[in-house]
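Working notes for the structure below.
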Amino acid sequence: AAAAAAAAAGPLPPFARLSTPVYSLATAAAGGPGGRATMNLVTYCSPVAVQPTRKLALGLYRGTLSRDNALEAGRGVLQVLRECHAPLFALLGQTSGREVDKLAEAEARGFALEERWGVATLRD
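Okay, structure coming up:
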(Lines of atoms letter the chains of each structure in order from A; the text may use other names.)
(Lines give C-alpha, C1' and ligand atoms only; values in the text may rest on other atoms or scores of the structure.)
Protein backbone atom coordinates (compact mmCIF):
# COMPACT_ATOMS: atom_id res chain seq x y z
CA ALA A 3 0.00 0.00 0.00
CA ALA A 4 2.82 2.41 0.85
CA ALA A 5 4.61 1.73 -2.44
CA ALA A 6 1.39 2.44 -4.35
CA ALA A 7 0.98 5.72 -2.44
CA ALA A 8 4.58 6.66 -3.25
CA ALA A 9 4.08 5.91 -6.96
CA ALA A 10 0.87 7.93 -7.08
CA ALA A 11 2.56 10.94 -5.47
CA GLY A 12 4.78 11.53 -8.51
CA PRO A 13 8.44 12.55 -8.62
CA LEU A 14 10.30 12.97 -5.35
CA PRO A 15 11.28 16.44 -4.13
CA PRO A 16 15.03 17.09 -3.78
CA PHE A 17 15.06 16.63 0.02
CA ALA A 18 13.56 13.16 -0.40
CA ARG A 19 16.66 12.00 -2.27
CA LEU A 20 19.05 12.28 0.66
CA SER A 21 21.77 9.67 0.94
CA THR A 22 21.78 9.81 4.75
CA PRO A 23 19.16 8.28 7.04
CA VAL A 24 16.00 10.31 7.59
CA TYR A 25 14.34 9.73 10.94
CA SER A 26 10.89 10.24 12.36
CA LEU A 27 10.09 10.26 16.05
CA ALA A 28 6.73 8.72 16.92
CA THR A 29 5.38 9.72 20.33
CA ALA A 30 2.38 8.68 22.40
CA ALA A 31 -0.20 11.23 23.50
CA ALA A 32 0.74 13.28 26.54
CA GLY A 33 -1.66 13.26 29.46
CA GLY A 34 -2.69 16.89 29.22
CA PRO A 35 -5.86 18.27 27.63
CA GLY A 36 -5.89 17.87 23.88
CA GLY A 37 -3.08 15.32 24.03
CA ARG A 38 -2.50 13.52 20.74
CA ALA A 39 -0.03 10.94 19.48
CA THR A 40 2.07 12.26 16.64
CA MET A 41 5.13 11.81 14.42
CA ASN A 42 7.66 14.29 13.09
CA LEU A 43 10.83 14.51 11.04
CA VAL A 44 13.93 14.58 13.21
CA THR A 45 16.33 17.30 12.12
CA TYR A 46 19.28 15.97 14.10
CA CYS A 47 20.05 12.47 15.37
CA SER A 48 23.43 11.32 16.56
CA PRO A 49 24.72 8.51 18.79
CA VAL A 50 26.17 9.88 22.01
CA ALA A 51 26.84 6.65 23.94
CA VAL A 52 26.99 2.92 23.30
CA GLN A 53 27.95 1.63 26.74
CA PRO A 54 26.37 0.71 29.10
CA THR A 55 23.31 1.39 26.93
CA ARG A 56 22.96 2.91 23.51
CA LYS A 57 21.82 6.55 23.63
CA LEU A 58 20.99 8.99 20.85
CA ALA A 59 20.71 12.77 20.92
CA LEU A 60 17.77 14.14 18.93
CA GLY A 61 17.09 17.69 17.83
CA LEU A 62 13.45 18.58 18.53
CA TYR A 63 12.05 22.07 18.11
CA ARG A 64 10.68 23.72 21.24
CA GLY A 65 6.92 24.12 21.33
CA THR A 66 6.22 21.11 19.13
CA LEU A 67 3.83 18.36 20.11
CA SER A 68 6.50 15.73 19.47
CA ARG A 69 8.91 17.39 21.89
CA ASP A 70 6.21 17.89 24.53
CA ASN A 71 5.08 14.26 24.24
CA ALA A 72 8.66 12.94 24.37
CA LEU A 73 9.56 15.02 27.41
CA GLU A 74 6.42 14.08 29.29
CA ALA A 75 6.63 10.36 28.50
CA GLY A 76 10.42 10.18 28.52
CA ARG A 77 10.38 8.01 25.43
CA GLY A 78 9.34 7.62 21.81
CA VAL A 79 10.04 5.33 18.87
CA LEU A 80 12.68 6.47 16.40
CA GLN A 81 11.81 5.31 12.88
CA VAL A 82 14.16 5.18 9.91
CA LEU A 83 12.18 6.37 6.91
CA ARG A 84 12.57 4.86 3.47
CA GLU A 85 12.03 6.19 -0.02
CA CYS A 86 8.43 4.95 0.02
CA HIS A 87 7.78 7.37 2.91
CA ALA A 88 8.76 10.45 0.86
CA PRO A 89 5.09 11.40 0.31
CA LEU A 90 4.85 11.87 4.10
CA PHE A 91 7.75 14.34 4.39
CA ALA A 92 5.63 17.50 4.13
CA LEU A 93 3.06 16.07 6.54
CA LEU A 94 5.64 15.02 9.13
CA GLY A 95 7.96 17.98 8.76
CA GLN A 96 5.89 20.99 7.75
CA THR A 97 2.65 20.60 9.69
CA SER A 98 1.90 20.87 13.37
CA GLY A 99 0.61 17.85 15.25
CA ARG A 100 -1.48 20.32 17.25
CA GLU A 101 -3.41 21.28 14.11
CA VAL A 102 -3.34 18.04 12.08
CA ASP A 103 -3.86 14.47 13.24
CA LYS A 104 -0.76 13.16 11.45
CA LEU A 105 -1.53 9.52 12.23
CA ALA A 106 -5.03 9.71 10.70
CA GLU A 107 -3.68 11.63 7.71
CA ALA A 108 -0.89 9.06 7.13
CA GLU A 109 -3.49 6.29 7.16
CA ALA A 110 -5.71 8.26 4.79
CA ARG A 111 -2.73 8.42 2.41
CA GLY A 112 -2.40 4.62 2.45
CA PHE A 113 0.27 4.12 5.12
CA ALA A 114 -0.55 1.46 7.70
CA LEU A 115 0.27 1.99 11.36
CA GLU A 116 1.40 -0.55 13.94
CA GLU A 117 1.78 -0.16 17.69
CA ARG A 118 5.29 -0.74 19.00
CA TRP A 119 6.21 -0.23 22.65
CA GLY A 120 2.90 1.55 23.20
CA VAL A 121 3.43 4.03 20.36
CA ALA A 122 1.78 4.12 16.91
CA THR A 123 4.47 3.75 14.23
CA LEU A 124 4.58 3.28 10.47
CA ARG A 125 4.19 -0.40 9.70
CA ASP A 126 6.63 -0.60 6.81
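Quick note: the sequence shown, position 55, residue 57 per our numbering, numbers continuous. Every residue, glycine too, gets a C-beta built ideally from N, C-alpha and C.
- For A75, the three-state secondary structure derived from DSSP is helix.
- Taking a cut-off of 8 angstroms for Cβ pairs, the segment 23-39 and the segment 64-79 touch, as three or more such pairs fall below it.
- Out of Y46, R38, A108 and S48, the CA that lies nearest to the CA of A88 is found in A108.
- Here the alpha carbon of L94 sits roughly 19 angstroms from the alpha carbon of L73.
- Here E117 has T123 as same chain residues with Cβ atoms under 8 angstroms from its own Cβ, once five neighbours each way along the sequence are excluded.
- If you ignore the 5 residues before and after M41, its C-beta comes within less than 6 angstroms of the C-beta of S26, A28, L94 and K104, all in its own chain and listed in chain order.
- Distance from the CA of R111 to the CA of V79, rounded to the nearest whole angstrom, comes to 21 angstroms.
- Ranking R38, L60, R56 and A39 by CA distance to the CA of C47 puts L60 first.
- Under the three-state reduction of DSSP, A106 is assigned to helix.
- In this structure, the alpha-carbon of R56 lies about 16 angstroms from that of Q81.
- For A32, there is no enclosing alpha helix (DSSP H), as DSSP gives it neither H nor E.
- Taking a C-beta distance under 8 angstroms as the contact criterion, R38 and G99 qualify as a contact pair.
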